[in-house]
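K.L.:
I am attaching a structure below and will ask some questions about it afterwards.
Residue numbers (my numbering): 166 to 435.
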């Protein structure tokens, strides 16, 4: 049943994807409301799918690659809905909805009916470390999307020639959203890294374990630490902060996708 719900969620996310495509092509939010309602319904069904899967396994469903993709999409949808309730920015959906569709599509493609749990993941730390990391990633994605909107809007204002495919919020709103999402995401990934180090210490007698994902995650954390530092100490705002937020999330993608597919203790194949 959880697989059926996941597939229905994918179909609903496709409505959001269609909204994004139509918005870019027609330069107006013709399908925003249907897309928004479809994403809300998809989030509910995807969450129910995760709960049902957890009930089948009697543990959090984060040990298979498709489970990780589905959970990431669900928390990403939650992050978007929270941001939309606060800021009411339709343009944010143009970036978020395709990402939700892609993650859920990957979850369906990577579906594995196996209930086996890799030995390295058989620990209660999974209930702490993994949700913190994914929630942090979701917040940082919102920060990334807001940074992209800032850079597009800043370029338009600088050239004094509007080329945007759709209406964007003001630079101040983009910067504020990016900062607030960063302020949520950074503490979450910090706690996630600390809990991961404790987990690694108990499992491998080393807080790092020589794992590719751990090293990449530390690099990513360093980028965001610099961004936080320059935001507070040097008063960075605007374009420089936006570019660093973009660089940080590119590092997140490399950490999440690269380590998952190219080996290491986080590869879902151990």
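Yeah, the Cβ is synthetic: ideal placement off N, Cα and C, and Gly gets one too.
What is the residue span of the alpha helix (DSSP H) that residue 324 lies within?
P.N.:
Segment 291-324, the alpha helix (DSSP H) holding residue 324.
K.L.:
Is residue 401 helix, strand or coil by DSSP?
P.N.:
Residue state, collapsed to three classes: coil.
K.L.:
Tell me the DSSP secondary structure of residue 227 in three-state form.
P.N.:
Coil, per DSSP.
K.L.:
Express the C-alpha separation of residue 288 and residue 393 in angstroms, rounding to a whole number.
P.N.:
Using only the alpha carbons, I get a separation of about 32 Å.
K.L.:
Where does the unbroken alpha helix (DSSP H) through residue 263 begin, and where does it stop?
P.N.:
Where residue 263 is concerned, the enclosing alpha helix (DSSP H) stretches over 256-274.
K.L.:
Just the Cα atoms here: how many angstroms apart are residue 170 and residue 203?
P.N.:
So the two alpha carbons sit approximately 14 Å from each other.
K.L.:
Going by DSSP in three states, residue 434 sits in which element: helix, strand or coil?
P.N.:
At residue 434, the pLDDT of 43 sits below 50, so the modelled position is not reliable; the number obtained from the coordinates is stated separately. Note: residue 434 maps to coil in three-state DSSP.
K.L.:
Go ahead and label residue 277 buried or exposed: buried means 16 or more other beta carbons lie within 10 angstroms of its beta carbon, across all protein chains shown.
P.N.:
Exposed, because fewer than 16 other Cβ atoms sit within 10 Å of the Cβ of residue 277.
K.L.:
Mapping the DSSP letters down to three states, classify residue 333 as helix, strand or coil.
P.N.:
Three-state result, residue 333: coil.
K.L.:
Of the residues 232, 205 and 264, which one's Cα is nearest the Cα of residue 217?
P.N.:
Measuring from the Cα of residue 217, the nearest candidate turns out to be 232.
K.L.:
Go ahead and label residue 166 buried or exposed: buried means 16 or more other beta carbons lie within 10 angstroms of its beta carbon, across all protein chains shown.
P.N.:
Exposed, since its Cβ has fewer than 16 Cβ neighbours within 10 Å.
K.L.:
The alpha helix (DSSP H) spanning residue 179 covers which residue range?
P.N.:
Where residue 179 is concerned, the enclosing alpha helix (DSSP H) stretches over 167-191.
K.L.:
Nearest-angstrom Cα distance between residue 188 and residue 251?
P.N.:
Each residue's Cα considered, the two are about 22 Å apart.
K.L.:
Assuming the contact rule is C-beta atoms closer than 8 Å, residue 447 and residue 256 should be a hit. Round their C-beta distance to whole Å, please.
P.N.:
The shown model of the chain, from 166 to 435, leaves out residue 447, and the question about it has no answer.
K.L.:
Mind checking whether residue 173 and residue 210 have CB atoms under 8 Å apart?
P.N.:
A contact, by the Cβ cut-off of 8 Å.
K.L.:
For residue 212, which residues of its own chain have a beta-carbon under 7 Å away from its beta-carbon, when the five flanking residues on both sides are left out?
P.N.:
For residue 212, where only same-chain residues beyond five positions count, the Cβ hits under 7 Å are 239.
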